[in-house]
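Read the structure below first, then the notes.
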Amino acid sequence: DAKTTQPTSMDCAEGRAANLPCNHSTISGNEYVYWYRQIHSQGPQYIIHGLKNNETNEMASLIITEDRKSSTLILPHATLRDTAVYYCIDSNNAGNMLTFGGGTRLMVKP
Amino acid sequence: DSGVTQTPKHLITATGQRVTLRCSPRSGDLSVYWYQQSLDQGLQFLIQYYNGEERAKGNILERFSAQQFPDLHSELNLSSLELGDSALYFCASSVTALSGELFFGEGSRLTVL
Chain R
7 DAKTTQPTSM DCAEGRAANL PCNHSTISGN EYVYWYRQIH SQGPQYIIHG LKNNETNEMA
67 SLIITEDRKS STLILPHATL RDTAVYYCID SNNAGNMLTF GGGTRLMVKP
Chain Y
4 DSGVTQTPKH LITATGQRVT LRCSPRSGDL SVYWYQQSLD QGLQFLIQYY NGEERAKGNI
64 LERFSAQQFP DLHSELNLSS LELGDSALYF CASSVTALSG ELFFGEGSRL TVL
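In structure tokens form, the structure reads like this:
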């Protein structure tokens, strides 16, 4: 699996948008970008994924750069319950190839 | 609630012992994955089964084994336990064998004393 690079931690004010960046400069053409989050010691939770187009669902938006070397996960109105570790993963769509790195610890503050 | 059920939630045992962790996947999911999460290693992929057959192997120790039964539930067996095996063990499931959208259970926390 290609590696991704994420900031170790970020803070965000409650109610504001949280923008979590991820670099995946060695991503190959058939690899998707997946985002998961893990709220303290709970099981990881799937958020969203994309190949090259921007994606949006009820949880978040995913913006992928045209060269696909980086992406941003956007939580439009962060709440305290969004405090978690967010993992950006590039994968060839095979579950066994999901390699979780260190992720970004997002702290949403009141 | 992801629909994936893991038992037991907590387990404390001694070095040298053997334990079995159980996982029931989401209804309709054919693929089951096991991950280990320890403080110093992060989330590590152990093994994947699809419809009863082993599909992929990750960093699973020889002391560990797993299987998926005809009813699709899975068990992870950990033997000759060492202190370093203390970790959270997560099971995940997906509909197909080639899906990056996994649904994780709440984990089984194993403490080896």
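Top to bottom, those sequences are chains R and Y.
Letter by letter, the first sequence follows residues 7 to 116 in the numbering used here.
Letter by letter, the second sequence follows residues 4 to 116 in the numbering used here.
We treat Cβ as the ideally placed atom computed from N, Cα and C, and that holds for glycine.
- Across the region 86 to 97 of chain Y, CB contacts with chain R closer than 7 Å involve L91, F93 and S97, in sequence order along the chain.
- R/E37 is classed as buried because its beta carbon has at least 16 other beta carbons within 10 Å across all chains shown.
- In the displayed model, R/R87 falls within a helix according to three-state DSSP.
- The Cβ atoms of Y/Q51 and Y/A59 lie closer than 9 Å to each other.
- Within chain R, no residue has its CB atom less than 8 Å from the CB of Y/S27, the nearest being about 14 Å off.
- Residues of chain Y with a Cβ closer than 9 Å to the Cβ of R/Q48 are, in chain order, F107, E109 and G110.
- Look at R/G35 here: in three-state DSSP terms it is coil, with no helix or strand label.
- The residues A90, in chain order, have a CB closer than 6 Å to that of Y/S41 in the same chain once the five nearest residues on each side in sequence are set aside.
- Residue state for Y/L75 is assigned as coil, using DSSP reduced to three classes.
- With a threshold of 9 Å between beta carbons, Y/S82 makes no contact with chain R.
- Contact of Y/G45 with chain R is assigned, a C-beta pair being separated by under 9 Å.
- Counted as a single uninterrupted DSSP element, the stretch harbouring Y/R21 is not any beta strand (DSSP E), since DSSP gives it neither H nor E.
- Cβ neighbours of R/N60 within its own chain (closer than 6 Å, five residues either side excluded): I69.
- Per the DSSP secondary-structure output, Y/V35 pairs in a beta bridge with Y/Y52 and Y/S96.
- Apart from sequence neighbours up to five positions away, the residues of its chain that approach R/R111 with a beta-carbon distance below 7 Å are T14, S15 and V91, ordered along the chain.
- Counting C-beta pairs closer than 8 Å gives three or more between the region 60 to 68 of chain Y and the region 80 to 88 of chain Y, which meets the contact rule.
- From the beta-carbon of R/H30, no residue of chain Y is found nearer than 9 Å; the closest lies around 14 Å away.
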